[in-house]
Each structure stands twice: as structure tokens, then as C-alpha cells.
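*Asks:* Mapping of the sequence shown onto numbering that gives the first Met the number 0: position 261 corresponds to residue 260, and the numbering continues sequentially without gaps.
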Amino acid sequence: MHATTVLLLLAAAATTASAQQLTMPLQRRDNGRKRTVNDAVRAAAGMRNKYQHLSKSHSNSTASERRAVENVPIVDMGPDTVYFSEISIGTPAQKFNVILDTGSSDLWVLSPNCQSSGCVGASSFDSSQSTSFNNIGDRLEISYGSGDVAGTTVSDTVSIGGLTAQKQTFGLITVLQAQLIGGDIAGLMGLAFQSIAQTQAPPVWKNLDNAGLLDKPMMGFALERHNGDRFTSQTQTNDGGVFTLGGVDTSQYTGDIEFLSVTAQNFWTLPMKALTINGQSMSVSGTSAAIDTGTTLIGGPSDIVQEIYNQIGGRPGTGELNGLWVYPCSVGDVKVTLNFGGSTWSMSPKDFLFQQYTTSQCIGAFIDLDLGDSGPQWIVGDTFLKNVYSVYRWSPAAVGFASRGSGGQQRKHW
Numbered sequence: 000m001h002a003t004t005v006l007l008l009l010a011a012a013a014t015t016a017s018a019q020q021l022t023m024p025l026q027r028r029d030n031g032r033k034r035t036v037n038d039a040v041r042a043a044a045g046m047r048n049k050y051q052h053l054s055k056s057h058s059n060s061t062a063s064e065r066r067a068v069e070n071v072p073i074v075d076m077g078p079d080t081v082y083f084s085e086i087s088i089g090t091p092a093q094k095f096n097v098i099l100d101t102g103s104s105d106l107w108v109l110s111p112n113c114q115s116s117g118c119v120g121a122s123s124f125d126s127s128q129s130t131s132f133n134n135i136g137d138r139l140e141i142s143y144g145s146g147d148v149a150g151t152t153v154s155d156t157v158s159i160g161g162l163t164a165q166k167q168t169f170g171l172i173t174v175l176q177a178q179l180i181g182g183d184i185a186g187l188m189g190l191a192f193q194s195i196a197q198t199q200a201p202p203v204w205k206n207l208d209n210a211g212l213l214d215k216p217m218m219g220f221a222l223e224r225h226n227g228d229r230f231t232s233q234t235q236t237n238d239g240g241v242f243t244l245g246g247v248d249t250s251q252y253t254g255d256i257e258f259l260s261v262t263a264q265n266f267w268t269l270p271m272k273a274l275t276i277n278g279q280s281m282s283v284s285g286t287s288a289a290i291d292t293g294t295t296l297i298g299g300p301s302d303i304v305q306e307i308y309n310q311i312g313g314r315p316g317t318g319e320l321n322g323l324w325v326y327p328c329s330v331g332d333v334k335v336t337l338n339f340g341g342s343t344w345s346m347s348p349k350d351f352l353f354q355q356y357t358t359s360q361c362i363g364a365f366i367d368l369d370l371g372d373s374g375p376q377w378i379v380g381d382t383f384l385k386n387v388y389s390v391y392r393w394s395p396a397a398v399g400f401a402s403r404g405s406g407g408q409q410r411k412h413w
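As C-alpha cells, then:
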């Protein structure tokens, strides 16, 4: 999902394992560039198309085995827009970087037979080399906004960290539109509920849970902040965050995790109860928000987004900024809070400011997104999620937030 924040798993050589937990060191690759207008435009377009497509398609939408908590590294590749990590597929295992996306539910990777421009230079899964591969053969088509993917459904063993899902259904992709994923990325792993899966198959986490391999029915994300406009030098690796499967990483947060029940088991959706900008309350009553690690920005109803920018002298972007919102940089720090029915969570002004476009114009991280009643009215991406520790629990279904801690595997860059 190029243009939205992309999460992937990168398995590191050094690990510390026990019967209950496997911990991997966290790395982040840095391409050394600043954010561009194209980053913002692609992020906005990707969010709009991704959710318009999915909401239309899904409007109604054993004890003796080792149970584990798996800590796996997230790599942030670029200016808070591409985070990644590693999975393995097949027998013997073939390793790939894949997007971790709580806003979708399908797993897919590229096929060597993909001839699309978006496949050039990317890694691919060679099914002929796997003795556990099975070709299901159903046609698969998925839209992610920045581009579409198409191929067939297959199954094989899939491992993440030290956990393996047997006979996992996924897509083997032969058509990939350009700019959907980058060169180091071979696919995407959806982490939402089965009800919105285009393959109609259980997601990887569900298969692992069904096999009794997870200690607790939850997963947690701690996302590191690396705003590209603040890069001072290019380094090969940096921290990007931590993804925990089967539990939470207590070193990444302080206090208690506050859980809120999801409104339906499709997206990880919560009621949006309150939103303020520089202390001014916006009218958000009756709306809901999908919590999406695979999206960079925050999208919401156009009338409310307009009111947000009215508070800071903002206006819709024009020309190459079409689809975005701009505001005077002279406004200074913009302070936003969100409430989903429990505590009120603050968002750093560093995250509201997506990019300084000119000396006087800044691009905001909120965009208008009108989905009506066919899906959640708000999409809350990494612009907010970098400010909290987020937990996704499937039994009973809820999303939890906690205040960020110092983080044993986390470093700040300012």
C-alpha cells in the first residue's frame, strides 16, 4: 500500500526465545529523504480509494502445544510512510517483507509470473520450490487505492516470528499496479477480521489462535516517529517500532491499557466520541472510526474536516495539492485530541503537520473522506497511532490504547 503507512516484519539474526516469548531487535531502514508533496497526495488518494472500495464490497460486513507471545520488529522505511518486517512462506521457508495492515484482512505476496511494472525488482514467492504448496485456484482481485492487485488463491505454511500457520490461504499475485509497494516489499498481511477478507479465509492471526499457539487473543503496535523533514543524516538502520502477537510488550507503554469494544467485527472500528483542535470541540457525535496501521493520515467527514481547518485558517489545496488541506504555518503548533469513549488522547503537533509546503503554507494530516453509512466515517492512521500504544483484541473484540513508555527498543530522534 504505497502512499499509506506500510508495516512490515523484518526478522533479525539475533533473537531471544523462551517457551512463552520470542523477542527480536528492532531495526529501521532510512532512505534519507524528506517528505514530498507526492507522499501526501498518494497517502490521501490511497486512503480514499481503499475504504470506498472495501465499504462497498462489505457493507454488511490445542493445550499441549506451545503458546507464545511474539515480539517482532517493525522497520520504518522513509519519512513515516513505509514500515516493514519479515514473514516466511513455504517448505523450505522463503522470506519476504510484508505490509502489516489492520485496515484489511488478506495476505498476499508476489508471484514470479508477475509481469506488471510494479513487480520489477521485487521479491516473489516461487511456489514450485515449496513441498507444502497447494494451488486453490480461485481468482482474487483487491483494490488498495494506490493500485490494485490480482492473482489466484493458494495455501502454504506461513511463519511470523517463531509461529507457523499451517495451510494458510493467501493470494499469489500476478498483476500489480505500479507504486503499490516498494522494492523491499513483496506483499501485504491484513490483520482485520475475516468478514472483510476477499479470499474469505481466516487471517494469519486467526489461524494461529485457532491452533492454540498464541498466549493471549491480542496483538499490539508501538510505532516510532521519524518525520522526514527532521532527518539530519542518512543511516542504514534505525528503530521503527515493535509488533507483538499473542500479547503486549509492557516495555512500550505506561499505566493501564484502556480497552473499548469494537462496533462490528470487520474493521477495528470504535465510536468517535470527541475531537478537539486547539481546545475547540468539533461535532463528531454519531460517527465511528476505523483504527488502521496501514494508513498514514486521518480521514473524516468533509463538513467536520472543514470545520477543523476553519479553526486555523486552513483551506482545501489546489493544483498539485488537490485532495489535501493547507493552513498558514504561522499558526504554529496545532494541538489535537481524540476520544473514543474513554480517555482523551493527545496527538503531537509534529504529526498534525504532515509537511511544510512553502515558507508560509503547511499541509495538514487530516483529509476529507465521505463514506456515508457504508463504512466507518473516520479512518485513523499512523498520524495518531504514533502517539499511543495500540492493542487489537479479538476475544472479546476491542481496541485498546495506552500511553507510550520509554520503550526498550525505541529511540527518539529529537
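Even for Gly, the Cβ is constructed at its ideal location relative to N, Cα and C.
Which of the three DSSP states, helix, strand or coil, is assigned to ASN112?
*Replies:* Position 113 of the sequence shown, counted from the first residue, corresponds to residue 112. Of the three classes helix, strand and coil, the one that applies to ASN112 here is coil, per DSSP.
*Asks:* So, ASP147 versus GLN176, is the Cβ gap smaller than 7 Å?
*Replies:* For this step, residue 147 is matched to residue 148 along the sequence shown. For this step, residue 176 is matched to residue 177 along the sequence shown. Yes, the Cβ-Cβ distance between ASP147 and GLN176 is below 7 Å.
*Asks:* Which residues in the same chain as TRP344 place their Cβ atom closer than 8 Å to its Cβ, once the five residues preceding and following it in sequence are excluded?
*Replies:* Here the question's residue 344 lines up with position 345 in the sequence shown. The residues are THR336, LEU337, ASN338, PHE383, ASN386, VAL387 and PHE400.
*Asks:* Could you pull out every residue in the same chain whose Cβ sits closer than 8 Å to the Cβ of ASN133, ignoring the five residues on either side in sequence?
*Replies:* If you number the sequence shown from 1, residue 133 lands on position 134. Cβ neighbours of ASN133 beyond the five flanking positions: VAL153, SER154, ASP155 and LYS166.
*Asks:* Note the first and the last residue of the continuous beta strand (DSSP E) segment covering ASP255.
*Replies:* In the sequence shown, the residue the question calls residue 255 occupies position 256. First-last of the beta strand (DSSP E) with ASP255: 252 to 260.
*Asks:* Please name the residue in THR101, THR294, VAL325 and LEU106 whose C-alpha comes closest to that of GLU140.
*Replies:* As a position in the sequence shown, residue 140 is number 141, starting the count at 1. Among THR101, THR294, VAL325 and LEU106, the Cα nearest to that of GLU140 belongs to LEU106.
*Asks:* Which residue comes first and which comes last in the beta strand (DSSP E) that contains LYS94?
*Replies:* Counting from 1 along the sequence shown, the entry for residue 94 is found at position 95. Start and end: 93 to 100.
*Asks:* Beta-carbon within less than 7 Å of PRO216's beta-carbon, same chain only, minus the 5 sequence neighbours each way: which residues are those?
*Replies:* Counted from its first residue, the sequence shown places residue 216 at position 217. ASP208, ARG392, TRP393 and SER394, listed in sequence order.
*Asks:* In the DSSP output, what is TYR326 paired with across the bridge?
*Replies:* The sequence position of residue 326 within the sequence shown is 327, counting from 1. In DSSP, TYR326 forms a bridge with CYS361.
*Asks:* If you reduce the DSSP assignment to three classes, tell me which class GLU319 lands in.
*Replies:* Taking the first residue of the sequence shown as 1, we reach residue 319 at position 320. Reduced to three states, the DSSP call for GLU319 is helix.
*Asks:* For GLN128, is the classification buried or exposed, using 16 other Cβ atoms within 10 angstroms of its Cβ as the cut-off for buried?
*Replies:* Counting from one through the sequence shown, the residue named residue 128 turns up at place 129. Classification of GLN128: exposed, given that the 10 Å Cβ count is below 16.
*Asks:* How many Å lie between SER250 and PHE258 at the Cα?
*Replies:* Locating residue 250 in the sequence shown gives position 251, counting from the first residue. Locating residue 258 in the sequence shown gives position 259, counting from the first residue. Straight-line Cα distance between these residues: approximately 18 Å.
*Asks:* Going along the chain, which residues of its own chain have a beta-carbon closer than 8 Å to the beta-carbon of THR358, five neighbours each way excluded?
*Replies:* For the purposes of this step, residue 358 is taken as residue 359 along the sequence shown, with counting starting at 1. Excluding residues within five positions, the ones whose Cβ falls inside 8 Å are CYS328.
*Asks:* Since ILE256 and VAL379 should fall inside the 8 Å C-beta cutoff, what is the C-beta to C-beta distance between them, to a whole number of angstroms?
*Replies:* Locating residue 256 in the sequence shown gives position 257, where the first residue counts as 1. Locating residue 379 in the sequence shown gives position 380, where the first residue counts as 1. In fact, because the Cβ distance is near 17 Å, the residues do not count as touching under 8 Å.
*Asks:* Whole-angstrom Cβ separation of ASN265 and PHE220, contact assumed at under 8 Å?
*Replies:* To locate residue 265, count along the sequence shown from 1; it is residue 266. To locate residue 220, count along the sequence shown from 1; it is residue 221. At roughly 19 Å, the Cβ-Cβ gap does not stay under 8 Å, so ASN265 and PHE220 are not in contact.
*Asks:* Work out the CA separation of SER142 and LEU109 for me, nearest whole Å.
*Replies:* As a first step, residue 109 is located in the sequence shown; it is residue number 110 there, counting from the start. As a first step, residue 142 is located in the sequence shown; it is residue number 143 there, counting from the start. Roughly 15 Å separates the two Cα atoms.
*Asks:* Could you tell me if GLY246 is buried or exposed, where buried requires 16 or more neighbouring beta carbons within 10 angstroms of its beta carbon?
*Replies:* Here the question's residue 246 lines up with position 247 in the sequence shown. Looking at its Cβ environment, which holds 16 or more other Cβ atoms inside 10 Å, GLY246 is buried.
*Asks:* Taking DSSP as the reference, what is the three-state secondary structure of GLY399?
*Replies:* In the sequence shown, residue 399 corresponds to position 400, counting from 1. It is a strand residue.
*Asks:* Assuming TYR326 and GLY363 are in contact, meaning their beta carbons sit under 8 Å apart, how far apart are those beta carbons, in whole angstroms?
*Replies:* As a first step, residue 326 is located in the sequence shown; it is residue number 327 there, counting from the start. As a first step, residue 363 is located in the sequence shown; it is residue number 364 there, counting from the start. With a Cβ gap of about 6 Å, TYR326 and GLY363 count as contacting.
*Asks:* Starting from TYR388, trace the alpha helix (DSSP H) in both directions and tell me its first and last residue.
*Replies:* Taking the first residue of the sequence shown as position 1, residue 388 is located at position 389. Run containing TYR388: none in the alpha helix (DSSP H); it sits in the beta strand (DSSP E), 387 to 393.
*Asks:* Is it the case that the Cβ atoms of ASN96 and ALA185 are separated by a distance below 7 Å?
*Replies:* Reading the sequence shown from its first residue, position 97 is the one you call residue 96. Reading the sequence shown from its first residue, position 186 is the one you call residue 185. Yes, these two residues count as a Cβ contact at 7 Å.
*Asks:* Starting from the C-beta of SER301, find all residues in its chain whose C-beta is less than 7 Å away, skip the five residues before and the five after it, and write them out in chain order.
*Replies:* Working through the sequence shown from its first residue, we reach residue 301 at position 302. Answer for SER301: ASP367 and ASP369, listed in chain order.
*Asks:* From what residue to what residue does the alpha helix (DSSP H) around LYS166 run?
*Replies:* Counted from its first residue, the sequence shown places residue 166 at position 167. First-last for LYS166: 162 to 175, but that is the beta strand (DSSP E), not the alpha helix (DSSP H).
*Asks:* Would you check if the distance between the CB atom of THR101 and the CB atom of TRP324 is smaller than 7 Å?
*Replies:* Here residue 101 corresponds to residue number 102 of the sequence shown, with the count starting at 1. Here residue 324 corresponds to residue number 325 of the sequence shown, with the count starting at 1. In this structure, TRP324 does not lie closer than 7 Å to THR101 by Cβ.
*Asks:* Out of ASP137, ILE180, GLY240 and THR173, which one is the CA nearest neighbour of ALA200?
*Replies:* On the sequence shown, residue 200 is found 201 positions in, with the first residue counted as 1. If we check each option's Cα against that of ALA200, ASP137 comes out closest.
*Asks:* Hey, would you say SER287 sits closer than 7 Å to THR262, going by beta carbons?
*Replies:* Translated into the one-based positions of the sequence shown, residue 287 becomes position 288. Translated into the one-based positions of the sequence shown, residue 262 becomes position 263. Cβ atoms of SER287 and THR262: closer than 7 Å.
*Asks:* Could you tell me the alpha carbon to alpha carbon distance between GLU85 and GLN360, rounded to whole angstroms?
*Replies:* In the sequence shown, residue 85 corresponds to position 86, counting from 1. In the sequence shown, residue 360 corresponds to position 361, counting from 1. The straight-line gap from Cα to Cα measures roughly 38 Å.
*Asks:* Could you name the residues that DSSP lists as bridge partners for ASP147?
*Replies:* For the purposes of this step, residue 147 is taken as residue 148 along the sequence shown, with counting starting at 1. The partner list for ASP147 (beta bridge, DSSP) reads SER142.
*Asks:* Which of the three DSSP states, helix, strand or coil, is assigned to SER54?
*Replies:* Here residue 54 corresponds to residue number 55 of the sequence shown, with the count starting at 1. Unreliable placement is indicated for SER54, whose pLDDT of 48 sits below 50; the coordinate value is still reported in the next sentence. It is helical.
*Asks:* So the alpha helix (DSSP H) THR382 belongs to, where does it begin and stop?
*Replies:* By one-based count along the sequence shown, residue 382 stands at place 383. Looking at the DSSP string, the run of the alpha helix (DSSP H) that includes THR382 is 381 to 384.
*Asks:* Between SER104 and ILE195, is the Cβ-Cβ spacing less than 7 Å?
*Replies:* By one-based count along the sequence shown, residue 104 stands at place 105. By one-based count along the sequence shown, residue 195 stands at place 196. It is a contact, given that the beta carbons lie within the stated cut-off.
*Asks:* For ASP372 and GLY285, I'd like the C-alpha separation in whole angstroms.
*Replies:* By 1-based counting over the sequence shown, the position of residue 372 is 373. By 1-based counting over the sequence shown, the position of residue 285 is 286. Cα-Cα distance, rounded: 11 Å.
*Asks:* Using a Cβ-Cβ cutoff of less than 6 Å, which residues in the same chain neighbour SER122 once the five nearest sequence positions on both sides are dropped?
*Replies:* If you number the sequence shown from 1, residue 122 lands on position 123. Taken in chain order, the residues that qualify are PHE95 and ALA185.
*Asks:* Distance check for LEU296 and ASP38, CA to CA, integer angstroms please.
*Replies:* Locating residue 38 in the sequence shown gives position 39, where the first residue counts as 1. Locating residue 296 in the sequence shown gives position 297, where the first residue counts as 1. For ASP38 and LEU296, the distance between alpha carbons rounds to 11 Å.
*Asks:* Would you list the residues sitting across from ASP155 in a DSSP beta bridge?
*Replies:* Against the sequence shown, residue 155 aligns to sequence position 156. ASP155 is bridged to GLN167.
*Asks:* Hey, how far is the Cα of GLY118 from the Cα of SER280?
*Replies:* Here residue 118 is taken as the residue at index 119 of the sequence shown, counted from 1. Here residue 280 is taken as the residue at index 281 of the sequence shown, counted from 1. The question names Gly, yet the displayed sequence has Cys at residue 118. One C-alpha to the other measures close to 46 Å.
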